[in-house]
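Have a look at the structure below, then the notes.
In our numbering, the protein residues as written are 2 to 296.
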């Protein structure tokens with residue numbers, strides 16, 4: 002092949018895109034343009050100016066932030082619509098449900114630890130209202146101690162509980178660190194109950210789990226806002242309003258996603274909240290027992 006033919010071929014490749022012989026360095030797939038069609042790795046070289054790397058990084062950060070704000074806005078402002086969009090396949094514009102839940106729950110727990118002298122530990126979501134403090138930990142230990150003292154063969158447990166009774170702050174701290182376990186257990190049961198209640202409309206578990214993740218994320222977000230306003234203004238009303246907001250948000254989310262009547266939705270919501278409260282209570286007792294057993 003002559004030099005003129007080679008030059009012409011190179012010009013054609015440059016005008017139409019990457020050369021036909023280009024392969025992905027990661028998986029060696031030939032289907033590479035801006036991204037590899039097989040593994041998804043982005044094409045290109047690292048032999049570029051630093052300003053290009055900085056510019057690309059900033060653009061990706063601001064793009065993520067825009068998705069976060071758009072997701073949070075529709076999550077709170079239009080209950081259930083985020084889940085509806087996600088189930089309908091409109092997912093690229095929003096943060097994924099699991100990532101959204103982790104992001105909001107992390108911020109919420111961080112806020113709880115940052116507020117000085119806060120008496121609140123989050124054990125409430127979607128209308129379930131429980132508050133765990135050092136005082137309630139002591140009360141729970143006292144009740145356990147009273148029941149244990151009736152059994153003459155449980156002296157070692159008696160001593161264990163007495164030791165914990167002398168260190169309620171330590172027990173409360175260990176208990177608070179394991180609170181995410183409560184929510185993982187409760188979420189899985191919550192999604193299972195949804196599948197049972199709406200099995201004719203959606204027989205698969207995953208769509209109900211997505212609904213649950215969005216509902217929990219909204220609950221955490223409203224709780225965090227209420228807790229922050231309480232601490233900032235020195236009032237208790239905002240947290241109560243947040244709890245009411247959780248209940249209303251869950252109701253409208255159920256209505257929008259599952260498209261059933263008002264009365265039927267209300268009855269099913271009451272059943273959901275009852276089961277949720279029972280599961281949270283059992284999980285809390287189990288975690289408290291685990292903390293006491295691992296002292």
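We put the beta carbon where it would ideally sit given N, CA and C, even for glycine.
For residue 40, same chain residues with a beta-carbon under 6 Å away, outside a window of 5 residues either side, are 27, 28 in chain order. A straight-line Cα-Cα distance of about 35 Å links residue 252 and residue 292.
Between residue 230 and residue 240, the C-beta spacing is below 9 Å.
Burial is judged here by how many other beta carbons sit within 10 angstroms of a residue's own beta carbon; residue 175 has at least 16 and is buried. Contact annotation, residue 109 with residue 284: C-beta distance approximately 18 Å; criterion of less than 8 Å not satisfied. Cβ neighbours of residue 99 within its own chain (closer than 8 Å, five residues either side excluded): 214. Taking 8 Å as the upper bound for CB-CB distance, residue 187 and residue 250 are not in contact here, some 17 Å apart. In this structure, residue 247 lies near residue 220, with their beta-carbon atoms less than 9 Å apart.
A distance below 9 Å separates the beta carbons of residue 192 and residue 210. Classified as buried, residue 216 has 16 or more neighbouring CB atoms from the shown chains inside 10 Å of its CB.
In this structure, the alpha-carbon of residue 24 lies about 5 Å from that of residue 30.
The residue among 227, 259, 184 with its C-alpha nearest the C-alpha of residue 195 is 259. In terms of Cβ geometry, residue 81 and residue 256 form a close pair [threshold 9 Å]. Of the residues assessed, residue 75 falls on the buried side of the cut-off, its CB having 16 or more other CB atoms within 10 angstroms. Following the DSSP letters along the chain, one finds residue 208 inside the alpha helix (DSSP H) bounded by residues 206 to 234.
The residues 218, 221, 222, in chain order, have a CB closer than 6 Å to that of residue 105 in the same chain once the five nearest residues on each side in sequence are set aside. In the three-state DSSP reduction, residue 96 falls in the coil class, being neither helix nor strand. Within 10 angstroms of the beta-carbon of residue 279 lie fewer than 16 other beta-carbons, which makes it exposed.
The Cβ atoms of residue 69 and residue 96 lie closer than 9 Å to each other. In the three-state scheme derived from DSSP, where H, G and I count as helix and E and B as strand, residue 280 is classed as helix. By the neighbour-count criterion, in which 16 or more other beta carbons inside 10 Å mark a residue as buried, residue 281 falls on the buried side. In the DSSP assignment, residue 181 falls within the alpha helix (DSSP H) that extends over 180 to 198. A buried status is given to residue 113, since no fewer than 16 other beta-carbon atoms sit within 10 Å of its beta-carbon.
The shortest C-alpha to C-alpha distance from residue 235 to any of 289, 116, 254, 38 is the one to 116. In the same chain as residue 254, and ignoring 5 residues on each side of it, the C-beta atoms closer than 8 Å to its own belong to 80, 81, 84, 212, 215, 216, 219, in chain order. Where residue 295 is concerned, there is no enclosing alpha helix (DSSP H), because DSSP gives it neither an H nor an E.
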